[in-house]
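Engineer:
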Amino acid sequence: MNPPDRIPVCLLTGFLGAGKTTLLNSLLKQPAMIGTGVIINEYGSVGIDHHLVESAPEDTALIADGCICCTARGEIAEALLSLSQRMQERAQTALQRVIIETTGLAEPWPILMQILRTPELAERFTFDSVVTLVDALNGGDTLAAHDIAVQQITAADRLLITKTDLVSAADVDALQAQLTAMNPDAEVSALTPGSAQPSLLFTGGRHDPSSPQFRPGALLAQADTLRFVPASAHSLRPAGSPPPREQDIQTFSLILDQPMLPGRFYGWLEFLRTLCGPTLLRVKGIVNIDGRPGPTVIHGVQKAFHMPTELPAWPDDDHRTRLVFITRGYGQEIVTDTLTHLRACAAGSP
Ligand SMILES: Nc1nc2c(ncn2[C@@H]2O[C@H](COP(=O)(O)OP(=O)(O)OP(=O)(O)O)[C@@H](O)[C@H]2O)c(=O)[nH]1
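Pasting the structure below:
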């Protein structure tokens, strides 16, 4: 393919629960996004994200069970090429752009390097931008505790602050200033829910040496060094606090066969949140609430549980409750122990 014909790829990243899928869904509804292929990576062995992204299934590729940067390297190439093939076969909509939604724990660099340095990919695709979402409610705590979140910020071309409706304007300004200090090359914007435009994700070829928009000296020039910058270089962590240990992060999934009584289920979630505190990094899933026609989608992000939403219908014949947990340090034991109680409640026992 000639350079102008190559398909631009955007890497959409951001720490756990920052709002990547929400932003993606709002953008994919817009006519300007027709012809967009989506690659989703899920952290956890029970796939949920592909049920929550609202693009047509044939335009979506799922890389399940792992972190895109450490376990799925070979699969990105496969997913990109297969998306391109599938959309070529449907003559009416050619593949025009690709968005890769990473897991919240992905380090962007290995993914970028794969796209830039794999000849089969470089021939057909051009890497366009890294867009990192930062959750205004949890952003400060996350940056202080998680090296990966810092790497996602330093690798970004564009930083978008989400959940601005949940904090004060002063908090948004302070986060914006912090992000600008961490990555002066990136554009930083605060999003109001539902206001995002497709142009936010694609910059127009700043990383393509053949493009007039190419910015040498920015991301490409730092490609071999940036990922080794330790988070501590940004002095975000309070003095004397222990270094973060990303390896403490565990993920596990629960599948529950029986419908849940709403009061008991939400009571259990609240109980978990109180017991685990910030070690409960992420909970998400689809829940079979007794008496409801479709699944209820629940999202917990560190200290917050967002308002559950109900899907009009189950995506397939599997109506079981499926929950993915991501915890840090501990948490699994509490979930497992309290689950025994939940199961007894769901079965009608006292
Ligand atoms: N109030 C509010 N809630 C938001 C906003 N953006 C996302 N959320 C909520 O935050 C929760 C997590 O959003 P997701 O889009 O699933 O986040 P994600 O980054 O895709 O999550 P992971 O893939 O698990 O890392 C959901 O309940 C969303 O409805 C926002 O701007 N305002």
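Take any residue in the sequence shown, note its place counting from 1, add 92, and you have its number in this note's numbering. All C-beta atoms in this analysis are idealised placements derived from N, C-alpha and C, irrespective of residue type, glycine included.
(1) Determine the burial state of Glu402: buried for a count of at least 16 other Cβ atoms within 10 Å of its Cβ, exposed for fewer.
(2) Quick check on Leu348: does DSSP put it in helix, strand or coil?
(3) Got a sec? Which residues, its chain only, sit under 6 angstroms from Pro385 by beta carbon, not counting five neighbours each side?
(4) What did DSSP end up calling Gln122 once you bin it into helix, strand or coil?
(5) Of the residues Leu252, Ala214, Val379, Leu116, which one's Cα is nearest the Cα of Arg356?
(6) Which one of Met274, Leu213, Gly129, Ile191 has the shortest CA to CA distance from Leu293?
(7) Would you check whether ligand 1 has a heavy atom nearer than 8 angstroms to the C-beta of Gly109?
(8) The alpha helix (DSSP H) that contains Ala269, what's its start and end?
(9) When every heavy atom of ligand 1 is checked, does at least one fall within less than 8 angstroms of the C-beta of Gln263?
(10) Taking DSSP's pairing of strands, which residues face His391 in a bridge?
(11) For the alpha helix (DSSP H) containing Thr371, list its first residue and its last residue.
(12) Starting from Glu212, trace the alpha helix (DSSP H) both ways and give me its first and last residue.
(13) Let's test the definition: count the other Cβ atoms within 10 Å of the Cβ of Asn230 and tell me whether it reaches 16, buried, or not, exposed.
(14) Can you tell me whether Asp249 is buried or exposed, with buried defined as 16 or more other CB within 10 angstroms of its CB?
(15) Note the first and the last residue of the continuous alpha helix (DSSP H) segment covering Ala241.
(16) Could you compute how far the alpha carbon of Thr234 sits from the alpha carbon of Glu181?
(17) Could you check where the beta strand (DSSP E) with Thr128 kicks off and where it finishes?
(18) Could you check if Gly369 is buried or exposed, using at least 16 other CB atoms within 10 Å of its CB as the buried criterion?
(19) What does DSSP give as the partner residue(s) for Gln342 in the beta ladder?
(20) Helix, strand or coil, according to DSSP, for Arg384 in the structure here?
(21) Is there at least one non-hydrogen atom of ligand 1 closer than 8 angstroms to the beta-carbon of Pro407?
(22) Take the Cβ of Arg420 as the centre, count every other Cβ of all protein chains shown within 10 Å, and call the residue buried at 16 or more, exposed below.
(23) So what's Ala396 in DSSP terms, helix, strand or just coil?
(24) Note down the Cα distance separating Thr272 from Ala262, rounded to an integer number of angstroms.
(25) Please determine, among Thr195, Thr185, Ala236, Thr432, the residue with the shortest C-alpha to C-alpha distance to Ile132.
(26) For Thr185, which residues from the same chain have a beta carbon less than 7 angstroms from its beta carbon, with the 5 sequence-adjacent residues on both sides left out?
Structural biologist: The structure says:
(1) Of the residues assessed, Glu402 falls on the exposed side of the cut-off, its CB having fewer than 16 other CB atoms within 10 angstroms.
(2) Correct three-state label for Leu348: strand.
(3) Nothing meets the Cβ criterion.
(4) For Gln122, the three-state secondary structure derived from DSSP is coil.
(5) Across the set Leu252, Ala214, Val379, Leu116, the C-alpha of Val379 shows the shortest separation from the C-alpha of Arg356.
(6) If we check each option's Cα against that of Leu293, Ile191 comes out closest.
(7) The closest heavy atom of ligand 1 lies less than 8 angstroms from the beta carbon of Gly109.
(8) Counting along the chain, the alpha helix (DSSP H) containing Ala269 begins and ends at 261-274.
(9) At residue 263 the sequence reads Asp, which differs from the Gln that was named. No, Cβ of Asp263 sits at least 8 angstroms from all heavy atoms of ligand 1.
(10) For His391, the beta-bridge partners assigned by DSSP are Lys376.
(11) Thr371 -> no alpha helix (DSSP H), and no H or E assigned at all.
(12) 211-216 is the span of the alpha helix (DSSP H), which, as asked, contains Glu212.
(13) Of the other Cβ atoms in all chains shown, 16 or more fall within 10 Å of the Cβ of Asn230; this residue is therefore buried.
(14) Asp249 comes out buried.
(15) Per DSSP, Ala241 belongs to the alpha helix (DSSP H) from 239-246.
(16) Distance between the alpha carbons of Thr234 and Glu181 is about 43 angstroms.
(17) Per DSSP, Thr128 is one residue of the beta strand (DSSP E) stretching across 128-133.
(18) It counts as exposed.
(19) According to DSSP, which records beta bridges pairwise, Gln342 is partnered with Thr419.
(20) Assigned with DSSP and collapsed to three states, Arg384 falls in coil, not helix or strand.
(21) Distances taken from the Cβ of Pro407 to the heavy atoms of ligand 1 include none shorter than 8 angstroms.
(22) Buried: at least 16 other Cβ atoms inside 10 Å.
(23) If DSSP states are grouped into helix, strand and coil, Ala396 belongs with the strands.
(24) Rounded to whole angstroms, Thr272 to Ala262 spans 15 angstroms at the Cα level.
(25) It is Thr195 whose Cα lies nearest to the Cα of Ile132.
(26) Shown here for Thr185: same chain residues with a beta carbon closer than 7 angstroms to its own, the five before and five after excluded, namely Ile126, Gly127, Met179 in chain order.
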